[in-house]
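Trainee: Got a structure for you, written out below as structure tokens; questions coming shortly.
There are 2 protein chains.
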Amino acid sequence: MKLEMEGFKKLTSVEKALQILRGVLEKQEKKDTEVLPLTESLGRVCGEDIYAPFDIPSFDRSAVDGYAVIAEDTFSASPSNPIELKIVGSLMPGDGPGSLKIDKGEAVEVATGAPLPINANAVIMAEDAKIVESGLIEVYKQVHPFQNVSRKGEDFKIGELVVRRGTRIKPWHIGALASLNISHVKVFSKPRIGILSTGSELVELGSELKPGKIVNSSKIMLKALINSCGGEPVDLGIVEDDVESILERIEDGLRSCDALITTGGTSIGRRDLVPEAVNLIGRVLVHGLAIRPGKPTGFGLVKDKLVFMLSGFPVAALIGFNLFVKPT
Amino acid sequence: MKLEMEGFKKLTSVEKALQILRGVLEKQEKKDTEVLPLTESLGRVCGEDIYAPFDIPSFDRSAVDGYAVIAEDTFSASPSNPIELKIVGSLMPGDGPGSLKIDKGEAVEVATGAPLPINANAVIMAEDAKIVESGLIEVYKQVHPFQNVSRKGEDFKIGELVVRRGTRIKPWHIGALASLNISHVKVFSKPRIGILSTGSELVELGSELKPGKIVNSSKIMLKALINSCGGEPVDLGIVEDDVESILERIEDGLRSCDALITTGGTSIGRRDLVPEAVNLIGRVLVHGLAIRPGKPTGFGLVKDKLVFMLSGFPVAALIGFNLFVKPT
Chain A
53 MKLEMEGFKK
63 LTSVEKALQI
73 LRGVLEKQEK
83 KDTEVLPLTE
93 SLGRVCGEDI
103 YAPFDIPSFD
113 RSAVDGYAVI
123 AEDTFSASPS
133 NPIELKIVGS
143 LMPGDGPGSL
153 KIDKGEAVEV
163 ATGAPLPINA
173 NAVIMAEDAK
183 IVESGLIEVY
193 KQVHPFQNVS
203 RKGEDFKIGE
213 LVVRRGTRIK
223 PWHIGALASL
233 NISHVKVFSK
243 PRIGILSTGS
253 ELVELGSELK
263 PGKIVNSSKI
273 MLKALINSCG
283 GEPVDLGIVE
293 DDVESILERI
303 EDGLRSCDAL
313 ITTGGTSIGR
323 RDLVPEAVNL
333 IGRVLVHGLA
343 IRPGKPTGFG
353 LVKDKLVFML
363 SGFPVAALIG
373 FNLFVKPT
Chain B
53 MKLEMEGFKK
63 LTSVEKALQI
73 LRGVLEKQEK
83 KDTEVLPLTE
93 SLGRVCGEDI
103 YAPFDIPSFD
113 RSAVDGYAVI
123 AEDTFSASPS
133 NPIELKIVGS
143 LMPGDGPGSL
153 KIDKGEAVEV
163 ATGAPLPINA
173 NAVIMAEDAK
183 IVESGLIEVY
193 KQVHPFQNVS
203 RKGEDFKIGE
213 LVVRRGTRIK
223 PWHIGALASL
233 NISHVKVFSK
243 PRIGILSTGS
253 ELVELGSELK
263 PGKIVNSSKI
273 MLKALINSCG
283 GEPVDLGIVE
293 DDVESILERI
303 EDGLRSCDAL
313 ITTGGTSIGR
323 RDLVPEAVNL
333 IGRVLVHGLA
343 IRPGKPTGFG
353 LVKDKLVFML
363 SGFPVAALIG
373 FNLFVKPT
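Chains as they are written, first to last, in my numbering: chain A, 53 to 380; chain B, 53 to 380.
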């Protein structure tokens, strides 16, 4: 048995490694997209810039329950000097804008969300006025123009960018797009991320644990991590500690995956064969990081696809995943 | 038309409202549980305290590639004063613990993850030693006892609490449980959260938007929020602005839901009927919050189930959801 353990000659800083990774990602081709119902787009990555097709609100509307007025009519109103206004109608949410009109000295009862009548430019809150007799209110507080009014276009102006391409879609994006009546969105297809495990000590979850064997828990965790980041994990199994076998399984995996993660076999011991395999069919870009745990972490390119070489140890694999694989 | 808008007499602070909600939650009955494969448990809430069934690592193992030694043999080793050790074998990950043994002056080649041979208590890193001839190494650095060794039970000791009941299961929990060969977990059943929308101005996403109408975007957003919090949203539709109808739909919804969210109809205008409906079949606990937007937010109890009364406006509904509905 010939021993050939030399350790890492030179460690790469995380910053430098990320720089290299960014350089690679910039050159990666655009990914496939698909169109999904908005209601199924949670957590997916938006594949297009989406602009507002109309103003939201699409009309000046009341932000409170109260009375739509001409603000100037209320100037100087106070509890000791109330101003009387005549109620000429009421508007509720859903009523058509422009269906009522007020003149000086008049008001319209409005519920929150109702359109303002023509000529009205402010709303007195219900608690700042009182009905003194049928069709007549006393106003105890002045309002300035557009007070208590949600103005046309104040949430989104027509043509405004609402969700940028590349944004991970969150519940509030879905709310915003729904308010704009956008029922379908173009999203990037989920990246398929293969996981290839090395290590003859590994057994599958739920197997009998013979002495010296350990559960391949890194794979189980990586699948969950990939799922939680919006990717599609592809289980490529456990490969024996042999350069030729590793190389074949990487090539095979990359046929159906957009990128690949290997675990284990990236250190410098006698069986550290993944970087060697990657170099035979592609190019190792980073191997050996100035962090601990996770020193043997690295990545390379095989047929223009990224191969992330993570540690076999769960905590180090988690760090490697969070640093390099997880989308930013 | 009789106007009856009075505004909120008294607003509740968020802190006080949360206190009331906590009081209610403490009295809520335990939820149903189900047993899931670990690999499908991501994002679910753990329904039991899970303890380690064995030590992890289950044996002292090497944390590096190098040579397992008796630490005391290396004391005073340095580049100018190397110490020679005889290699008596090698151990790889997966080899059985206790399958090799060293004596004073001896070492065993070990790869990261390999068990230590009997009598060894430390590992020299590969880069701190050199093979001088077949079966003989020079050691250039001393190691202290248990240096570069992952000790039995250092990750988890047998009987240690690994995941607490009530924990939202994250990828790293899955990794930890997998390492303990725990393939199934008991989780709480997903709470079914009904969403009942009020507002005659509302239309469904994708419908034609007539003047004055708006898309029921709050519902779409709330569904996504409930999904992203691990709940199961149940669409209870849009109810007309009528106390009797609202009351029936709440009672009906609660038959199949664990809790219910209403949107809109919680302000004090003429059509603010949800709190009234809740009070007819249960009890409003909080209505009117000292926040803006979201003042009309509240909650109540109907047949011991929570009814959250949120604003119809998306941003205010989001705030109400995050404050009261979202699990902490």
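Heads up, the beta-carbon is just placed ideally off N, CA and C, and yes, glycines get one too.
(1) I believe valine 239/A touches threonine 91/A by the beta-carbon criterion, under 8 Å. Please report the beta-carbon distance rounded to the nearest angstrom.
(2) Would you kindly report the start and end of the unbroken beta strand (DSSP E) that includes glycine 227/B?
(3) Which stretch, first to last residue, makes up the beta strand (DSSP E) that contains arginine 335/A?
(4) Between which two residues does the alpha helix (DSSP H) containing aspartate 125/A stretch?
(5) Per the DSSP calculation, asparagine 331/B is bridged to which residue(s)?
(6) Could you give the DSSP three-state label for asparagine 200/A: helix, strand or coil?
(7) Comparing C-alpha positions only, which one of Lys378/B, Phe127/B, Lys355/B sits nearest to lysine 79/B?
(8) Which of the three DSSP states is assigned to glutamate 100/B in this structure?
(9) Report the rounded CA-to-CA distance for aspartate 112/B versus serine 151/B, giving the unit in angstroms.
(10) Enumerate in chain order the residues of its own chain whose CB-to-CB distance from arginine 244/A is below 7 Å, with the five nearest sequence positions on each side excluded.
(11) Against chain B, does proline 120/A count as a neighbour if the rule is that its beta carbon must be under 8 Å from one of theirs?
(12) Taking any Cβ of chain B, which residues in the stretch 73-93 of chain A have a Cβ under 8 Å from it, in chain order?
(13) Would you say leucine 370/A lies against chain B (beta-carbon separation less than 8 Å)?
(14) Is any beta-carbon of chain B found at less than 8 Å from that of serine 269/A?
(15) If you draw a straight line from the alpha carbon of aspartate 180/A to that of asparagine 268/B, how long is it in whole angstroms?
(16) Assess contact between the stretch 99-107 of chain A and the stretch 154-164 of chain A, defined as three or more Cβ pairs (one per stretch) separated by less than 8 Å. Is contact present?
(17) Please compile the residues from chain A whose C-beta is within a distance smaller than 8 Å of the C-beta of serine 252/B.
(18) By Cβ distance, which residues of its chain are closer than 8 Å to alanine 178/A, with the 5 residues on each side in sequence left out?
(19) For the alpha helix (DSSP H) that methionine 273/A lies in, which residues bound it at each end?
(20) Span of the alpha helix (DSSP H) holding lysine 79/A?
(21) Going by beta-carbon coordinates alone, are proline 381/B and isoleucine 313/B separated by less than 8 Å?
(22) Using 8 Å as the Cβ pair cut-off and three pairs as the minimum, do the stretch 189-198 of chain B and the stretch 215-229 of chain B touch?
(23) The beta strand (DSSP E) with proline 89/B in it runs from where to where?
(24) If we count the other Cβ atoms within 10 Å of its Cβ and call it buried at 16 or more, is asparagine 279/A buried or exposed?
(25) Could you name the residues of chain B that leucine 337/A contacts, counting a contact when the two beta carbons are closer than 8 Å?
(26) Going by DSSP, name the residue or residues bridged to glycine 283/B.
(27) In whole angstroms, give me the CA-to-CA distance for asparagine 200/B and proline 379/B.
(28) Got a sec? Which residues, its chain only, sit under 7 Å from serine 128/A by beta carbon, not counting five neighbours each side?
(29) Looking at the secondary structure, which residues open and close the alpha helix (DSSP H) in which isoleucine 343/A lies?
(30) When you check each C-beta in the stretch 206-240 of chain A against every C-beta of chain D, which residues fall closer than 7 Å?
(31) Is it the case that the Cβ atoms of threonine 250/A and aspartate 293/A are separated by a distance below 8 Å?
(32) Chain B beta carbons: is any one of them nearer than 8 Å to that of alanine 159/A?
(33) Comparing alpha-carbon positions, which option in Lys138/B, Leu94/B, Val76/B lies nearest leucine 274/A?
(34) CA-CA distance, alanine 228/B and leucine 362/A?
(35) Taking all protein chains shown into account, do 16 or more other C-beta atoms lie within 10 angstroms of the C-beta of glutamate 328/A, making it buried, or fewer, making it exposed?
(36) Helix, strand or coil: how does DSSP classify glycine 352/B here?
Mentor: Working from what's here:
(1) Within the first sequence, the letter at position 187 stands for residue 239/A. Within the first sequence, the letter at position 39 stands for residue 91/A. Incorrect: roughly 13 Å between the Cβ atoms, too far for contact.
(2) Along the second sequence, one-based indexing puts residue 227/B at 175. Unbroken run through glycine 227/B is the alpha helix (DSSP H), 223-231; no beta strand (DSSP E).
(3) Taking the first residue of the first sequence as 1, we reach residue 335/A at position 283. Here the beta strand (DSSP E) through arginine 335/A covers 335-339.
(4) Against the first sequence, residue 125/A aligns to sequence position 73. Where aspartate 125/A is concerned, the enclosing alpha helix (DSSP H) stretches over 123-126.
(5) As a working mapping, residue 331/B is identified with position 279 in the second sequence. The partner list for asparagine 331/B (beta bridge, DSSP) is empty, contrary to what the question assumes.
(6) Counted from its first residue, the first sequence places residue 200/A at position 148. Three-state DSSP puts asparagine 200/A in coil, outside helix and strand.
(7) Within the second sequence, numbered from 1, the residue matching residue 79/B stands at position 27. When each option's Cα is compared against that of lysine 79/B, the closest is Lys355/B.
(8) For the purposes of this step, residue 100/B is identified with residue 48 of the second sequence, where counting begins at 1. Residue state, collapsed to three classes: coil.
(9) Against the second sequence, residue 112/B aligns to sequence position 60. Against the second sequence, residue 151/B aligns to sequence position 99. Whole-angstrom Cα-Cα distance: 13 Å.
(10) On the first sequence, position 192 is the one that residue 244/A refers to. Counting only Cβ-Cβ distances below 7 Å, and skipping sequence neighbours, we find Glu284, Val286, Ser308, Cys309, Asp310.
(11) Position 68 of the first sequence, counted from the first residue, corresponds to residue 120/A. What sits at residue 120/A in the sequence shown is alanine, not proline. Answer no: the Cβ-Cβ gap between alanine 120/A and chain B never drops below 8 Å.
(12) Leu90, Thr91
(13) Within the first sequence, numbered from 1, the residue matching residue 370/A stands at position 318. Chain B contact via Cβ: present.
(14) Position 217 of the first sequence, counted from the first residue, corresponds to residue 269/A. With 8 Å as the cut-off, serine 269/A counts as an interface residue toward chain B.
(15) Along the first sequence, one-based indexing puts residue 180/A at 128. Along the second sequence, one-based indexing puts residue 268/B at 216. Using only the alpha carbons, I get a separation of about 30 Å.
(16) no
(17) As a first step, residue 252/B must be located in the second sequence, where it is residue number 200. Going along chain A in sequence order, the residues near serine 252/B (Cβ under 8 Å) are Met144, Pro145, Gly146.
(18) Residue 178/A sits at position 126 when you count from the first residue of the first sequence. So the qualifying residues of the chain are Val116, Asp117, Gly118, Tyr119.
(19) Residue 273/A sits at position 221 when you count from the first residue of the first sequence. Taken as a continuous stretch (DSSP letters only), the alpha helix (DSSP H) holding methionine 273/A covers 269-280.
(20) The residue labelled residue 79/A in the question sits at position 27 within the first sequence. Unbroken alpha helix (DSSP H) run through lysine 79/A: 66-79.
(21) Examination of residue 381/B is not possible in this model, given that chain B is present from 53 through 380 alone.
(22) With contact defined as three or more Cβ pairs closer than 8 Å, the stretch 189-198 of chain B and the stretch 215-229 of chain B are not in contact.
(23) Residue mapping note: residue 89/B aligns to position 37 of the second sequence, counting from 1. Start and end: 85-89.
(24) The residue labelled residue 279/A in the question sits at position 227 within the first sequence. The residue is buried, with at least 16 neighbouring Cβ atoms inside 10 Å.
(25) Locating residue 337/A in the first sequence gives position 285, counting from the first residue. Simply none; closest approach about 22 Å.
(26) Here the question's residue 283/B lines up with position 231 in the second sequence. Glycine 283/B is not bridged to any residue.
(27) Walking along the second sequence from the start, residue 200/B turns up at place 148. Walking along the second sequence from the start, residue 379/B turns up at place 327. Straight-line measurement puts the Cα of proline 379/B at about 41 Å from the Cα of asparagine 200/B.
(28) Within the first sequence, numbered from 1, the residue matching residue 128/A stands at position 76. Taken in chain order, the residues that qualify are Gln194.
(29) Working through the first sequence from its first residue, we reach residue 343/A at position 291. Note, isoleucine 343/A: premise wrong, no alpha helix (DSSP H); not H, not E.
(30) Protein chains A and B are contained in the structure displayed, whereas chain D is not.
(31) Residue mapping note: residue 250/A aligns to position 198 of the first sequence, counting from 1. Residue mapping note: residue 293/A aligns to position 241 of the first sequence, counting from 1. Yes, the pair counts as a contact, with Cβ atoms nearer than the cut-off.
(32) Taking the first sequence and counting its residues from 1, the one referred to as residue 159/A is at position 107. No, because no Cβ of chain B sits closer than 8 Å to the Cβ of alanine 159/A.
(33) Walking along the first sequence from the start, residue 274/A turns up at place 222. Of the listed residues, the one whose Cα sits closest to leucine 274/A is Leu94/B.
(34) Taking the second sequence and counting its residues from 1, the one referred to as residue 228/B is at position 176. Taking the first sequence and counting its residues from 1, the one referred to as residue 362/A is at position 310. As the crow flies, the alpha-carbon of alanine 228/B is around 17 Å from that of leucine 362/A.
(35) Indexing the first sequence from 1 puts residue 328/A at position 276. Its Cβ having fewer than 16 others within 10 Å, glutamate 328/A is exposed.
(36) Within the second sequence, the letter at position 300 stands for residue 352/B. Reduced to three states, the DSSP call for glycine 352/B is strand.
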